[in-house]
Structures are given as structure tokens and as C-alpha cells.
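Protein chains in written order, with the working numbering: chain V, 1 to 337; chain X, 338 to 674; chain W, 675 to 1011; chain Y, 1012 to 1348.
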């Protein structure tokens, strides 16, 4: 029988508690040995629910425990980089939520530490583990529909997060759009240039801190293809998640999932259900799958499906989009670094 | 905090192991205290996987344990009725897989024991717990699309079960169709008369034991409406699960789910994914939901959402369909009993 | 250059005026030389609109004109049979609207006259000329999805015709259902037995003259397959026209057309357009195509795509359904004649 | 009875012959009195087919005929402007195919002549007369889904036109894209700035004359909204025509039409039909409707639904897109004129 990987979760807030529950109940390849949160009572509540014995407030305790092989970092973004560094130094295998950090130099230091330590680092780009996005990629990769020409992504949140969060979010392209800026690379490879436009069309409060609620990015890829990203903070009909890769010999599209498959016919026409409202519903299986694959990569010593390089690249693209938006001109990705 | 219901699973084969996993990992309102299977090693394997301490071969051991409040029976059909009787006598709350039994007098004895003991009995008609079937029912029940007129159900399995199973299955209408014979009651209430037709169009082996692989049932409901059930043993494009309730002021339909939402456009047209192939994929959330609701009914002493009466009624309809098929005439449900 | 077929239209009411317009403007292979209606002013109005020179009240005038090669009969149903007989005697090629007649002996006399005269007779089963029904038939006929097993037809009118019409319509199965009773033969070949059920669920006035507004027919085909027809007089969401042929190796379905391809997403979900409301919109191209093919069959002396035999067979099935409905038993088609 | 408008068609090539047939057979409000083509035999052939008496080679003959009230110009693009000028001088009401001209000064001269003469000018932006595009516009205009935020247009031709045509076409954005550059104004009003990107991904021959086969345009609208246009010369699955207007309170989308509504289920999944292959199929009803509305505007002395200003604006946007493409920077529409 194959050994189980002993893992601890650092940060048991919104995403961290999801990961904790998944590891405890749905990933038999892992053994969840401890949870940690700076707010001890938060970690304790999750531990109680799941019958987890060890609960700590200071993650260093976990890093010092030689029994723990891997850590999953789901703390707030500003703490990711230094916890990664510490964990790498301690020789732990690392799964870290996205984004790696908002500051590129912090990311670079963390990635350097990971490389020196020779540990694995997987970044939580959950959408890469969705079967529908993957099916689109597989169709294109098979070559049966020819060369990729145009990519379109629609990523519209069902509603605004809190204003408090928005003020520190890094802006719509780095927060909401970070998934798309990774997805374009997953589907099409490297980006060479971006041109972005954005506006406040929904909530004037955002103007106070220079953010936008509606935006478009036009991308040019190294493979010669081009694409767009469509982002909105508020889609009243639910979380709108679509993608198309138009190719020289066909097209591959991903449509929205629907909450139910019921359809009502009436004098108003035919009405079908909205997409799942919340990202945690829509992508629930991905959060399991990404950690399951991480655990297997650790167990079998394979490269992780997403890497620190992927984590860094998405942030670089975010800064390129922001620069383009501010200067109203196309920005080469090489301008960012 | 609310108390957890202590439950044991009797029968840990295909469906029983699914229920066991669900209770152990996804239903925090229950505490799984033991599993039982006449093939002890089968129960032991599941218990090992999930860390369940108590494993027994003889279900009477569990019935004698006063700590155990509820049992989930997922043994083979011929054993359902007598285990129900024993469990009722022992005062246990009972969840039993469908069908209750193949013999109506056995069912009647079991239901009598349940009634005498004053325990709850829920029958595992999982589809009643599917959000899409439920949405159709809710739309109709709301009255917004008027009076139900015509019901259609399509229920086509992806492929034949084994010939060994088919020989003892009770025939297509009692085996595959039992879900539909319950669903028609869930959607439309009581059935008064059925007319059934069936044929062997796919596999001549079935003729040896008088079964069919393709069938239609026409139903007349007590509310004046009418309907059809379409059953096939083999649908090469996957598990085909559809329903429509046409009403005087609109219609409510349930379409198939799809494995992914990817769509490929090519010179052949647009191709979308097949439905989930297997009933356990398609109805996975229902298996959790039905037991979760059972547990809550036990905990809060509420009536169960499906009852012994429902379990009996579906079997009666199955015998009416079989009688109609054999005699090639409409059969009143009251002819069966 | 190929010669044009000189044709006259007898009966310029609802369907007749459509045919007249189509021949005059969209079928260059034909030359429309005259129109006829017992209500002369009705024929005159259509003739004026289209610049047709010759307008007559008595169709015998047209039959006596040797220049006229073909006639299209779109008079009221009770007159079809004797006009066919007269036209056949006069050696005209004949296109006649459905149904041929309500009386089987009248049909038989008319068909005998046609056969004796050696002229062509095409019956206006317009749906056979619809590209979507035809595509389903072609998919099945290609053999790629195996042997036909189950046919389903949904044919629901958007609203009741006038009570005056209903009183003389022959009943829902012979009026509304006649298209389906032909379509089942187009898709599956001969029918051996039918079982019908019907009810008044929408308008109690129909009970006065023994008609129904909601009905189901279960059919057994000579090829071993089975099927259902679903008829309703009132579908508030528009003219509902669907079909499925489930086969041993796949399925072929025809979905509803929609008035527009616009879709609105809102807090209520996604709403798409209704089907075209009226049969003349939905089947507009078929009315052109059926007459175009008739003209070409006359011109090139080929057999017509629908024949008198088809016209008779649909009426026979209608009587079988009515007999089954009245006697509540399966009725063999051979019982009717 | 209302009078018929006497109209002549100038230019009876591909589009001109379609208009001629439509006017002759489907627009009873007009009387087609003459056709004209510099290739006399081309005009004669159409006239023969439709029984049109008067056929001329020199359009001046028609302009000199005081009986002719309106002309439809469907000659090659370089001749549009001067024929408009001549027709305006002669006091004719004018329908002209798009684009008005490739040269803005020629357009300005023509529009000046039209204004001086006080005649009507309608430009053939047929898509504005499509019921689906119109439905999207009506949904948005109703205000029920809030403020427009993001527009997306997909317009992909099924295949390349001839290389000979492409060399003189004005480039993809002015030729294929001209419809979209009008549609964006129809849906969203004035455009303030465009940023365009294009590439040769499908056929390297285009590089010889500096054209592209794949392109994206990002637009900023005067109302604060933004949008994209997606153009490709070759979509192997047929003519791809889609649009979305995402709004603050919902979204309105236009999906592709399909050649049939047949769907095949097989082991490969569900396959539905391609869109109509050719623009003349997809937009056939629009070509009738735009001329019908033109005729009614002439008859009732109403403003035309599309104007010379619309015709000019689309060409201006085309030049802005081309300038942006060449200079790789956002271009204000006001830079063009």
C-alpha cells in the first residue's frame, strides 16, 4: 500500500477551511495532521468539526515538525511570500493559494528560496483542474481543429466583494482577473503584449481608490494568436464563466454550467437556470483535484502541474494590464520584468 | 449543539459502500458506528478505508446494540423485507434501498412491522432528492404554469447489466423502471391505469427468460392527466435522464446533465459532451441528500420524505405494467392491490 | 430550357392562397394560369394581388381546359374526394391538401379514379418537406445510429381553433394528429397497432361533441419498434414541434425552432425565444418545397414523394386511434381496413 | 388603396439580383419597372427570369425617366458615390448597398448632393433588419437589464473570398468588418476610440498586399461602455454570427442560427447542425425587410432607418481601426474625421 502524505494547513479562513475539509474527507492519499491559524479559535473550530487533533497558532511549530512533509498555505496574500520562504527553508513541500504575492520582488525571493531548497511549489490556480477548461485545452492540443487564432475569456463575478476588501485587493485585473491571466497561459502559452481598458460603470465608490468594475484586455500571444479577457464585478444572473479558443479548423468553447437542468416554457419563452452563483460551488471539484494532484506529485516525486513560474507570470501580466490601463497604450510583457 | 444520530450500515456492496462513504465524510449530523456485511471482508475493506472501528457479519448484533439508533439497509433485494421487520422489532429507525421487495405480501408484512413499532422507514428513491427533478416539481406545484396535462419520462441506461443480474432482476419495468414508477407519483400523484408495451430489440438473450430491453408505459393519473415512461437498457450516448410536465399554461422540462460544458465546432457541426455515463455519477449528490434528510427526520422526529407506502406503490405499478405487457390491455392499478 | 408546368389552384382560402402566392412568386418551374374559388371574390382578391388573369368560380371550367396540366386542390375537406375524381377523369395531375377525406370509402373511390386515369396524386403532408424532420430521417436511414427502437412525436398547437371548426374537424386525432400519423410512417414505416388515450383538460365545451384537447397515442410498428404521439390543442409558449427516434446505436432528435436566437440573462435565469407561433410560419418553406417537388415530378414524370396511399394510411391510423380511445383497448390497424 | 413606388435596380450582379428578385416577388408595395447593368446580358438574364420589361445598360436613362421614383444601387463599390450624386441630382430616392465608398471625400460629396436635393438615402446595412439583432437592441433599449457595459461581436466568414477580390477589398476591417462597425453603432451609439490588432494566421498570400485574416478591435463608446469585434476570414463550421450586450442588470445575447434543429446523439456526444454557411442564407429575410422599409419610407415620406451618416460613420471607424492596426496604438475616431 502507498504511503499517505502528512500535511498541515496554514490559514483556515475561507479558502483554507475548504482545503482542510477536502483533505480530511475527500483525499485519502493525504493525512491531515494539523491546522494553523493566527486566529487560533478559527483553526480550532475547523479542527473540532473534522476531528483534527493538532491545532497551532504559530506556523513555525509545524515547520519544525519533521513528521510533516507538506504544507498548504491559505493565509492572506501579504503573508504568502515569507511563509513560502520559511517553509522552503524547512524543507517542506508547498501548496500556496494564488496570488503568490502582490510584489514581484517578494515573489522572486520566495521562488529563489524554493529553488535552493529543492522543494516543490504548487500555486492554487484551481481552474486548470476544471474538466471543462481542460476539455477545451485537450481539444485544441489534439490538433484536430488546427492552429489557435483567437481566445476569448468571460469572467464576471456575481457581485462586488466588500469595499474593505476592494481597497486592498490590488485592483480588478490583479484580483478578479488573476485567474484569467493564468488561464490564457494554460490555454495559449506566453503572452507578449497586452492592451487594457477599464471603467467604473457600476459603483462610483471605486473611483475613490482608482479601481475599475468593468474591463477588457486584448492580448497578443507568442504563438501569433490573439485574445480578449472580459471582466466585470457584477453579473446579476450569476457567476459567468466562459471561454472560446477559435482555431483555423474549428472552435472549442466552454459554456456556463447551470444550477439545474430544468427549463420552463411559458408565454415569456423558455427559461433555464442561472449558473452557480458562487465560485466555491462552480469550482468545488477543482479544489479537491488540485490538492489531490499536489499530494500525488509529492508522493511520487513528480513536477507539480502549476509552478512558481506560473504564479509569477500571472502577476506580471496583471501589472502589464494595469500599466496599459493607466497609460492607454499597448504594453509589452517584457516591460514589466 | 445538536446531537449526532448513531447509525450502522447493513450491506456494504455497491450502494452500501457509497452510503457508508457519504455518511462517514459528508453527513456531519450522523455518526457512523458500525458496518455489516455477510461477506465480512467486504465490510472490513470499507471500514479500513474510512477508519470505522466496528465491523460485523451478522446484522442482529447491531440490532441488539441499544446505542445504535438507525440502520441503513443496502443488502440484496430479497433480504430487505425481513431485515426491515427485524430492525423495526428492535426499534431502529430504518433507511432501506429500493425496491422494498419483489413480493407484495413481504412488503406488506414489513410495513406492518414498521407501523406497529412506530419507527420511521425511508425508501431510497434517490431521484426525488435531485435538484433538477425537484425544480420541475416546484415549478408545477407553484401553479404558475397551470394544471398538469402530460408527463413524459425518459430513463435509458447506458448499457446492459450482467445477464446473471438480469435473470433475477424482476424484469425491466421492476428493475430499471422502478425509479420512474416512483417519479411519476412524485410529480403527478396517484396512477389509476397503465398500458405497457415492450420488446427485445437489442439483445436476443433476454428472450430466454421473458424479459424486454425496450419499453413504453402509458399512464392515466387520478388528477386526469396522462403520461409516458420510456425505458431502454442501452443508450450508447450515456445515461439518458429526461422529464417533462406539460401543463395548461406552460411546460416544465428537465434536460440531461453533461459531463463537461465544452462544445466543439467543426465541419461536422457543434458537438457537446455526453451525459454522465453512470447513475452513481449523475445522482451522486442525491445519495448524500436523501440520507442527510433521513438523519434529520430521525433527529427532529419528522416524517420521512419517502415512505413505505411510496416503496410499495412503485412495486404495485411495476406489476401492473408487467400484467399489461403480458395481456396487451390497459390494467387498472386496483387490479394489483 | 425546360418547359413550365401550367397549373391552376382550386380553392383560394387560407392554405390555397398560400399555395397561390408561392406558385406565383417562388416556383419558377410552374406557370400559374388560373385560380378558382366557389366564393369568386376570394379568388379575385388573390388574383388581383398577384396579377393572375384568369379567375373562375366553377372548377369544371379549369378541368375542361386542355392547356392546364395540373391542379392544386385546397378546398374544404368534404369536397376533396369528388374534385380529385373529376380532375383525374379530366386527366389532370393532382396535388391535394390533407386529409384526402374523412370517409374511407370516398378516399377509395378517389384513389381508384386516380389509378384508372394514370395521373399523379400528391397529398400535402408538408412536414415531410421540412429539412429538420428530413435530417432526422436521413440520420436514421444512413444506419449510423443502428436500428430504430422508440419514436416520440410532440405536436401541440398554440391555441384552439374556433369551436365552429372543432365541431366538424373529425376530432383531435384526425385533425391535429393527422400530420403525426403521417410522420410516424415517414420515419418508421407501417404501424400495426395503436393504443390511444385522451381527455378534456383545457376546455369543457369540447365535451358537448365528444372531442378531446389532450391525447397520447402509443404505436407498435411493423419493424418491431414502438412510439408515442403527444397532442395538445393549446401550448401557451407557441407551436411545439419535436421528434425523437431513439436507436440501438444513438438517437436523432428534432428540437423546436425559435423565433429569434436572442437570449436574455437576468436574475430569473436565461430566457430564449418561443417557437414560431403559427404553423404557417414554422412550415413556410415546406409549402413551397412540396409544390416545387410536385411540379418537377409532373415535368419529369417521376413518382410523387407523397401518394394517395400515404393520404389514406394516415386517415386509417386516425380511425384506429379513435376506436382505441372509445373502447380503451389496443386496436390493430387491420381492424380499420 | 396605397400607391406602389416605381423603382429601378442599378447593378444586377450578386446582391443586385437578390434585390431584384425580392422586389419583384416579395415586396408588393413596390413596382419594379426596370433593371440596369453595364453588362447588359447580366441584367437581361434577371429580367427574363422575372418577366421585367425594361432593361438598360446606361443608368442615366433611368434617372431621366420621370416615372421612376426610386433607385436601388447595387453596382461595384467604386461607382456608388457618383451614381448617388447623379441620382440625387435627378431627384430620385436612393437605396445604396454598403459601403458607400472607400474614399471619405467621395462619400462627403455624395452626401452633400443628397442633402441639397432633399432626397432620401438608405444604406444597405442589412443586419439592422434581422429580428435577432433587433431583439437584443430592444431588450437593452427597454432598460430592463440596466446600463450597457460590454459589447462583443463575433463575425467570422465561412471562407476566404477570391484573392482577386481581396486585393481590392480595402482590407478585412473595411470589407468583412464594415457590418460590425455599423452594428456597434446600432447597438451602442457613437464610438470614441478604437484599438485594433490583426494578423495573418490562415493564408500567407495576404501578406503580399498587407491584409490580415484574423483580427480583434477593442472599442470605447461615448456612453462609457466598451466592446470588442472578432473577425476571421475562415470559420470551417460555417458563418459565425454572434453578439452580446452585457449590462449592469443582465445580459442580452444573440446566438447562431442553425441549418436544421436536428441533433444526433452518439458515442461522440451530441452533434447539432452548423449555422447557415452563406450570408445570403443567414440574412435572406433582412434583404427583403430593408427594401420593404425603404419603399414605405418613400411612400409615406418618413426618414429612412439607416442614413448616409450611418454609411459614412462605419467607413470612418474602419479607417480608425486600420490606423490603429498600423501604428499599434489606440486611435480616436476624431483623428479620422
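Backbone N, C-alpha and C fix where the C-beta goes; we use that ideal spot for every residue, glycine too.
Closest Cβ-Cβ distance between residue 713 of chain W and chain X: below 8 Å? Position 39 of the third chain, counting from 1, holds the residue named residue 713 of chain W. With 8 Å as the cut-off, residue 713 of chain W does not count as an interface residue toward chain X.
Just tell me which of V:40, V:265, V:79, V:104 has its CA closest to the CA of residue 174 of chain V. Working through the first chain from its first residue, we reach residue 174 of chain V at position 174. A check of alpha carbon separations from residue 174 of chain V across V:40, V:265, V:79, V:104 identifies V:104 as the nearest.
Step through the CB atoms of chain V and report whether any lies within less than 8 Å of the CB of residue 463 of chain X. Locating residue 463 of chain X in the second chain gives position 126, where the first residue counts as 1. Chain V, which has no Cβ nearer than 8 Å to the Cβ of residue 463 of chain X, makes this no.
How far does the alpha helix (DSSP H) with residue 1127 of chain Y in it extend, from its first residue to its last? Against the fourth chain, residue 1127 of chain Y aligns to sequence position 116. In the DSSP assignment, residue 1127 of chain Y falls within the alpha helix (DSSP H) that extends over 1115 to 1128.
Which bits of chain Y does residue 329 of chain V rub up against, with CB to CB less than 8 Å? If you number the first chain from 1, residue 329 of chain V lands on position 329. Near residue 329 of chain V (Cβ distances below 8 Å), the residues of chain Y are 1340, 1341.
When the distance is taken between beta carbons, is residue 495 of chain X closer than 8 Å to residue 576 of chain X? Taking the second chain and counting its residues from 1, the one referred to as residue 576 of chain X is at position 239. Taking the second chain and counting its residues from 1, the one referred to as residue 495 of chain X is at position 158. In contact: residue 576 of chain X and residue 495 of chain X (Cβ atoms closer than 8 Å).
Determine whether the Cβ of residue 419 of chain X lies closer than 8 Å to any Cβ atom of chain W. Looking up residue 419 of chain X in the second chain gives position 82. Closer than 8 Å: no.
C-alpha distance - residue 544 of chain X paired with residue 121 of chain V, whole-angstrom precision: As a working note, residue 544 of chain X is residue 207 in the second chain. As a working note, residue 121 of chain V is residue 121 in the first chain. C-alpha of residue 544 of chain X to C-alpha of residue 121 of chain V: approximately 60 Å in a straight line.
Quick one: grab the DSSP three-state call for residue 1131 of chain Y. Here residue 1131 of chain Y refers to the residue found at position 120 of the fourth chain. Coil.
Taking all protein chains shown into account, decide if residue 210 of chain V is buried (16 or more other Cβ within 10 angstroms of its Cβ) or exposed. Taking the first chain and counting its residues from 1, the one referred to as residue 210 of chain V is at position 210. Taking a 10 Å sphere around the C-beta of residue 210 of chain V, we find fewer than 16 other C-beta atoms and assign the residue as exposed.
Using 8 Å for Cβ pairs, my map puts residue 393 of chain X next to residue 371 of chain X. What's the rounded Cβ distance? On the second chain, position 56 is the one that residue 393 of chain X refers to. On the second chain, position 34 is the one that residue 371 of chain X refers to. 6 Å between Cβ atoms; contact.
Who does residue 602 of chain X pair with in a DSSP beta bridge? As a first step, residue 602 of chain X is located in the second chain; it is residue number 265 there, counting from the start. Beta-bridge pairing links residue 602 of chain X to V:251, X:607.
Going by Cα to Cα distance, which pick from V:126, V:113, V:66 is closest to residue 282 of chain V? Here residue 282 of chain V refers to the residue found at position 282 when the first chain is read from its first residue. Considering only alpha carbons, the answer is V:126.
Reference residue 964 of chain W, options W:763, W:771, W:724, closest by Cα: On the third chain, residue 964 of chain W is found 290 positions in, with the first residue counted as 1. The residue with the shortest Cα to Cα distance from residue 964 of chain W is W:771.
Nearest residue (CA-CA) to residue 1182 of chain Y, options Y:1267, Y:1297, Y:1242: For the purposes of this step, residue 1182 of chain Y is taken as the residue at position 171 of the fourth chain. With distances taken between CA atoms, residue 1182 of chain Y lies nearest to Y:1242 out of Y:1267, Y:1297, Y:1242.
In the DSSP assignment, what are the bridge partners of residue 151 of chain V? Taking the first residue of the first chain as position 1, residue 151 of chain V is located at position 151. According to DSSP, which records beta bridges pairwise, residue 151 of chain V is partnered with V:227, V:245.
Could you check whether the Cβ of residue 420 of chain X sits closer than 7 Å to any heavy atom belonging to the ligand COA? With respect to the ligand COA, the structure shown offers nothing to examine, as it has no ligands at all.
Could you name the residues of the same chain whose beta carbon sits closer than 6 Å to that of residue 190 of chain V, not counting the 5 residues immediately before and after it, in chain order? Stepping through the first chain from its first residue, residue 190 of chain V is reached at position 190. Cβ neighbours of residue 190 of chain V beyond the five flanking positions: 222.
Taking only the alpha-carbon atoms, compute the straight-line gap between residue 598 of chain X and residue 1171 of chain Y and give it to the nearest angstrom. What you label residue 598 of chain X is simply residue 261 of the second chain in a count that begins at 1. What you label residue 1171 of chain Y is simply residue 160 of the fourth chain in a count that begins at 1. Spanning the two alpha carbons is a distance of roughly 30 Å.
Shorter than 8 Å from the beta carbon of residue 573 of chain X to some beta carbon of chain Y? Counted from its first residue, the second chain places residue 573 of chain X at position 236. Chain Y, which has a Cβ nearer than 8 Å to the Cβ of residue 573 of chain X, makes this yes.
With a cut-off of 8 Å, does the C-beta of residue 357 of chain X fall near any C-beta of chain W? In the second chain, the residue the question calls residue 357 of chain X occupies position 20. At a cut-off of 8 Å, the C-beta of residue 357 of chain X has no neighbouring C-beta in chain W.
From which residue to which residue does the beta strand (DSSP E) around residue 1225 of chain Y run? Counting from 1 along the fourth chain, the entry for residue 1225 of chain Y is found at position 214. Residue 1225 of chain Y -> beta strand (DSSP E) spans 1225 to 1232.
Interface residues of chain W facing residue 1037 of chain Y [CB-CB closer than 8 Å]: Locating residue 1037 of chain Y in the fourth chain gives position 26, where the first residue counts as 1. Neighbours of residue 1037 of chain Y on chain W, chain order: 699.
Along chain V, which residues have their Cβ under 7 Å away from the Cβ of residue 941 of chain W? Locating residue 941 of chain W in the third chain gives position 267, counting from the first residue. Per Cβ cutoff of 7 Å: 236, 237.
Do the segment 57 to 73 of chain V and the segment 7 to 16 of chain V make contact, defined as three or more Cβ pairs closer than 8 Å? The answer is yes - the segment 7 to 16 of chain V touches the segment 57 to 73 of chain V, with three or more Cβ pairs under 8 Å.
Whole runs of the alpha helix (DSSP H) within the segment 60 to 105 of chain V, excluding any shorter than 4 residues: As far as the segment 60 to 105 of chain V is concerned, its whole alpha helix (DSSP H) runs of at least 4 residues are 77 to 89.
Candidates W:1005, W:968, W:1004, W:981: closest to residue 785 of chain W by CA position: Taking the first residue of the third chain as 1, we reach residue 785 of chain W at position 111. Minimum Cα distance to residue 785 of chain W is reached at W:981.
Check residue 577 of chain X in the structure and name its three-state DSSP category. Here the question's residue 577 of chain X lines up with position 240 in the second chain. Taken through DSSP and simplified to helix, strand or coil, residue 577 of chain X comes out as strand.
State the start and end residues of the unbroken beta strand (DSSP E) segment that holds residue 1209 of chain Y. Position 198 of the fourth chain, counted from the start, is the residue given in the question as residue 1209 of chain Y. In this chain, the beta strand (DSSP E) harbouring residue 1209 of chain Y covers 1202 to 1210.
Any C-beta of chain V sitting closer than 8 Å to the C-beta of residue 1208 of chain Y? By 1-based counting over the fourth chain, the position of residue 1208 of chain Y is 197. Among the CB atoms of chain V, one or more fall inside 8 Å of the CB of residue 1208 of chain Y.
Where does residue 972 of chain W fall in DSSP's three states? Looking up residue 972 of chain W in the third chain gives position 298. Here residue 972 of chain W sits in helix by DSSP.
Using 8 Å as the limit for Cβ to Cβ distance, is residue 922 of chain W near chain Y? In the third chain, residue 922 of chain W corresponds to position 248, counting from 1. Closer than 8 Å: no.
Assuming residue 32 of chain V is part of the beta strand (DSSP E), what are its boundary residues? As a first step, residue 32 of chain V is located in the first chain; it is residue number 32 there, counting from the start. From DSSP, the beta strand (DSSP E) with residue 32 of chain V extends over 30 to 36.
Buried or exposed: residue 581 of chain X, going by 16 or more other Cβ atoms within 10 Å of its Cβ? What you label residue 581 of chain X is simply residue 244 of the second chain in a count that begins at 1. The residue in question, residue 581 of chain X, is buried, as its Cβ has 16 or more Cβ neighbours within 10 Å.
CA-to-CA distance, residue 809 of chain W to residue 1274 of chain Y, given in whole angstroms: Here the question's residue 1274 of chain Y lines up with position 263 in the fourth chain. Here the question's residue 809 of chain W lines up with position 135 in the third chain. Roughly 9 Å between the two C-alpha positions.
Contact residues within the segment 789 to 817 of chain W, judged by C-beta distance below 7 Å to chain X: Residues passing the 7 Å Cβ filter: none.
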